[in-house]
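Position one of the sequence shown corresponds to residue 80 (my numbering), numbered consecutively onward.
The C-beta atom is built at its ideal place from N, Cα and C for all residues, glycine as well.
These figures come from a predicted structure and were not determined experimentally.
Structure, as structure tokens:
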Amino acid sequence: MTAKLDTAQLPGLLSQLPAWSLDPAAAAISRHLEFADFNEAFAFMTRVALEAARRDHHPDWSNQYNVVDVTLTSHDAGGLTMRDIELARFVERAAAGTSAGA
């Protein structure tokens, strides 16, 4: 298990992820992405799903047509860990080559 991040660490780490929102009550970060169409959204989700499986760290997310909402937290640690920050960074890289990252 990765250690839970201290609240003092969060501002610096989240400043590198400006599109992400912190939900202190849920001890989670979230990101709303809008793609050109369903196919682009699904391709993005597939790319993230494969990476999440490789890391054994899975997002809570939903998809409605061209919209994907991603929430990250480490349930086993009871809050945010570096696994969440690292997966959020991957999400940003995956979105960068799409209409959602433009």
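Neighbourhood of residue i by C-beta distance below 6 Å, restricted to the same chain and skipping five residues each side
| i | result |
| --- | --- |
| Asp-139 | Thr-150 |
Between the CA atoms of residue j and residue i - distance to the nearest angstrom
| i | j | result |
| --- | --- | --- |
| Val-147 | Ala-115 | 11 Å |
| Asp-163 | Glu-119 | 23 Å |
| Ala-131 | Leu-166 | 7 Å |
| Ser-153 | Thr-160 | 6 Å |
Three-state class that DSSP yields for residue i in the structure shown
| i | result |
| --- | --- |
| Ala-107 | strand |
| Asn-118 | helix |
| Ser-178 | helix |
| Leu-101 | strand |
Own chain partners of residue i with C-beta closer than 7 Å, once the 5 adjacent residues on each side are dropped
| i | result |
| --- | --- |
| Ala-128 | none |
| Val-170 | Arg-110, Val-127 and Val-149 |
With contact counted as at least three CB pairs below 8 Å, one residue from each stretch, are the stretch 118-138 and the stretch 88-103 in contact?
no
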